[in-house]
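Participant: According to the numbering used here, the stretch in the sequence shown is residues 189 to 416, in order.
Pasting a structure below so you can have a look.
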Amino acid sequence: MDTIVYNINQIRQQIKNAACLSGRDESGIKLVAVTKTVDYDAARECYEAGVEDLGENRVQELNRKIPHIPQAKWHLIGRLQTNKVKDIVGKVVLIHSMDSWHLAEEINKRYQQAGLYAPVLLQVNVSGEQQKAGVNPNEVESFLDSVGELKALRIKGLMTIAPEVENSEETRPVFRELYELKRSAANKKFKNVEMDFLSMGMSQDYEIAVQEGSNIVRIGSAIFRHNN
């Protein structure tokens, strides 16, 4: 069996096991394959192995790969600069990394000009690490309350990046806090906000994330190892 296919099967089984531990059905958990370190052929092989959702960190690389696998559902998962927003309008199914009001305004403006709605996740800096982007957890609900004035935005949930730690178990409190933020926000019923998705968990910690309520995991190295 090809390495990529084998890795995907292993990951899906681990997602199933983690979902079972939290009393959930794995069918509601989306696997996004992060293709930032691999070529077109590896990305296409991943898609043909049944992973329809592909994610890129950089707008330039996203736009390079889309023509090679146009049928995939593309996600932008990396930091988005305001001057790059115009280059992704209508090309992605979800922007995971809306991390400031300034960026929210630019996304709204560009999508409004195109007559489209912008599907986005609000990135939250739960761990409080200075080098990480994201809204402060204490500001999430006030941010969501203000989003109603940005007519083209459709916030679909929250995203976070856990700290890099030796023991993945240490990420659990971070994921648990984001889950609680999502649950609280969902109860408030903010305009243009639907708390459908919780994007958290990467190659090193996705099992913990799923146990804590994630329904989108972003996995690169665990899929493509030995294929880079």
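Glycine residues also receive a C-beta, built at the ideal position from the N, C-alpha and C atoms.
Note that the structure is a prediction, hence the values are computed from the model and not measured.
1. Counting Cβ pairs, one atom from each stretch, are 3 or more of them under 8 angstroms apart for the region 400 to 408 and the region 214 to 229?
2. Compute the Euclidean distance between the alpha carbons of N415 and T191, then round it to the nearest angstrom.
3. By Cβ distance below 7 angstroms, which residues in the same chain neighbour N251 in space, the five residues on each side in sequence not counted?
4. Across which residues does DSSP place R342 in a beta bridge pair?
5. Run through DSSP, which three-state label would E382 get?
6. Which value, in whole angstroms, describes the spacing of the CA atoms of E317 and E236?
7. Suppose you measure from the CA of P255 to the CA of K379; what does that come to, to the nearest Å?
8. In the DSSP assignment, the beta strand (DSSP E) including K261 goes from what residue to what residue?
9. Taking the DSSP output, what are the residues bridged to D241?
10. Since M347 sits in a beta bridge, which residues does DSSP pair it with?
11. Have a look at Q319 and L291 and give me their C-alpha separation to the nearest angstrom.
12. Output the boundary residues of the alpha helix (DSSP H) element that contains V328.
13. Nearest-angstrom Cα distance between T150 and Q392?
14. Can you tell me which of R364, E240, K279, A302 puts its alpha carbon nearest to the alpha carbon of E249?
15. Report the rounded CA-to-CA distance for N313 versus S210, giving the unit in angstroms.
16. In angstroms with no decimal places, state the Cα-to-Cα distance between K344 and H263.
Facilitator: For this structure:
1. Contact annotation: the region 400 to 408 touches the region 214 to 229, with at least three C-beta pairs closer than 8 angstroms.
2. A caution first: N415 carries a pLDDT of 46, below 50, which makes its placement in the model too unreliable to give a value.
3. Contacts found: D275.
4. Per DSSP, P307.
5. In the three-state reduction of the DSSP assignment, E382 falls in the strand class, which pools E and B.
6. Within the model, the alpha-carbon separation for E317 versus E236 is close to 37 angstroms.
7. One C-alpha to the other measures close to 35 angstroms.
8. Its beta strand (DSSP E) spans residues 261 to 264.
9. V220, K261.
10. Paired residue(s): Q311, S387.
11. When rounded, the distance between both Cα atoms is 18 angstroms.
12. 328 to 334 is the span of the alpha helix (DSSP H), which, as asked, contains V328.
13. In the structure as shown, the chain begins at 189 and stops at 416. Residue 150 is therefore absent and cannot be evaluated.
14. Restricting attention to R364, E240, K279, A302, the CA atom closest to the CA of E249 is found in K279.
15. Whole-angstrom Cα-Cα distance: 24 angstroms.
16. A direct Cα-to-Cα measurement between K344 and H263 gives close to 13 angstroms.
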